[in-house]
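Q: The structure's right below; bear with me while I get my questions together.
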Amino acid sequence: MNINSIPVIAIDGPSASGKGTVAQLVSENLGFQYLDSGSLYRLVALKAIRIGIDLNDEKALENIAQNLDVTFTGRKIQLGIEEVTDLIRQEIYGNGASKIAAHSRLREALLDRQRAFRKGPGLVADGRDMCSVVFPDAALKVFLTATAEVRAKRRYKQLMEKGEGVNINTILRDIEERDRRDSIRVFAPLKQSKDSSFIDTTLLGITEVVNKILEQYSEISIKSI
Ligand code: DC
Numbered sequence: 398m399n400i401n402s403i404p405v406i407a408i409d410g411p412s413a414s415g416k417g418t419v420a421q422l423v424s425e426n427l428g429f430q431y432l433d434s435g436s437l438y439r440l441v442a443l444k445a446i447r448i449g450i451d452l453n454d455e456k457a458l459e460n461i462a463q464n465l466d467v468t469f470t471g472r473k474i475q476l477g478i479e480e481v482t483d484l485i486r487q488e489i490y491g492n493g494a495s496k497i498a499a500h501s502r503l504r505e506a507l508l509d510r511q512r513a514f515r516k517g518p519g520l521v522a523d524g525r526d527m528c529s530v531v532f533p534d535a536a537l538k539v540f541l542t543a544t545a546e547v548r549a550k551r552r553y554k555q556l557m558e559k560g561e562g563v564n565i566n567t568i569l570r571d572i573e574e575r576d577r578r579d580s581i582r583v584f585a586p587l588k589q590s591k592d593s594s595f596i597d598t599t600l601l602g603i604t605e606v607v608n609k610i611l612e613q614y615s616e617i618s619i620k621s622i
């Protein structure tokens, strides 16, 4: 099978827009592979912070990315023999990921790894540059967003449920800072690509968003038969 004929649903959006949950549910529904591209940036950040590498040292970050010993098994993420699925979700690694993501050499070092997820019968990939850089030929492109206030509330609820004491104003400030950093960088900034479908999830529940994407994908699939 020609790899380019394997369908991709690319979903981009800002942090806490719900794209991870939505992308996962869409992939399960279709029986597709799933790529959480942000986890790769988080893994590089985790390793860099642990070794004590300066997050501006592009060469060292590229080196970490090239040698990242990561295994994805379903939802489980392993770095070497250590399971880091929950650890990399911490804000310190999200913010670190956002900082290192500005380096073009690091982004390039992660490209093949991301594209290797494109396997039959199809792939759902979420991130910031899935539509523009990693899978520009995706069958369906979606830009998912919500107001920063609603995203902060969602993240606050998630963290409270995990028993983490947090302040909603700090979360809102972090989200706005991350949006700003992810959007102004020169290489592969977060922005809606012209050919993607825009979904504002501010007033929508997860199931509604998932169904919307599945409908859009089935319309495309019918047209292409
Ligand atoms: O989606 P996330 O919150 O796990 O991503 C963490 C950071 O990684 C995000 O703030 C920017 C970076 N990232 C990126 O630059 N490109 C991607 N495709 C995915 C994530």
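Residue numbers (my numbering): 398 to 622.
Glycine included, each C-beta is placed from N, C-alpha and C at the ideal position.
Please read all numbers here as calculations on a predicted model, not as lab measurements.
What do you get for LEU508, buried or exposed, if any count of 16 or more other CB atoms within 10 angstroms of its CB means buried?
A: Exposed: under 16 other Cβ atoms inside 10 Å.
Q: At a threshold of 7 Å, does ARG525 count as lining the ligand DC (C-beta to nearest heavy atom)?
A: Answer for ARG525: yes, Cβ within range of the ligand DC.
Q: Let me make sure I understand the geometry here. Which of GLY493, LEU432 and ALA462 has the alpha-carbon closest to that of GLY471?
A: GLY471 has its Cα closest to that of LEU432, out of GLY493, LEU432 and ALA462.
Q: Is the beta carbon of ILE617 sitting closer than 8 Å to the one on ALA536?
A: The answer is yes: Cβ separation under 8 Å.
Q: Helix, strand or coil, according to DSSP, for LYS609 in the structure here?
A: Looking at LYS609 - three-state DSSP - the assignment turns out to be helix.
Q: Here's a check: name, in chain order, each residue in its chain whose Cβ is nearer than 6 Å to the Cβ of ARG552, leaving out the five neighbours to either side.
A: Counting only Cβ-Cβ distances below 6 Å, and skipping sequence neighbours, we find ALA413 and ILE568.
Q: Within its chain, find whatever has a CB closer than 8 Å to the CB of LEU378; leave out the 5 residues flanking it on each side and keep chain order.
A: The structure shown has nothing for residue 378, since the chain only spans 398 to 622.
Q: With ASP592 as the anchor, note down where its alpha helix (DSSP H) starts and where it stops.
A: That residue, ASP592, is in no alpha helix (DSSP H); it is neither H nor E in DSSP.
Q: CB of SER434 to nearest heavy atom of the ligand DC: below 7 Å?
A: Yes, since a heavy atom of the ligand DC falls inside the 7 Å radius drawn around the Cβ of SER434.
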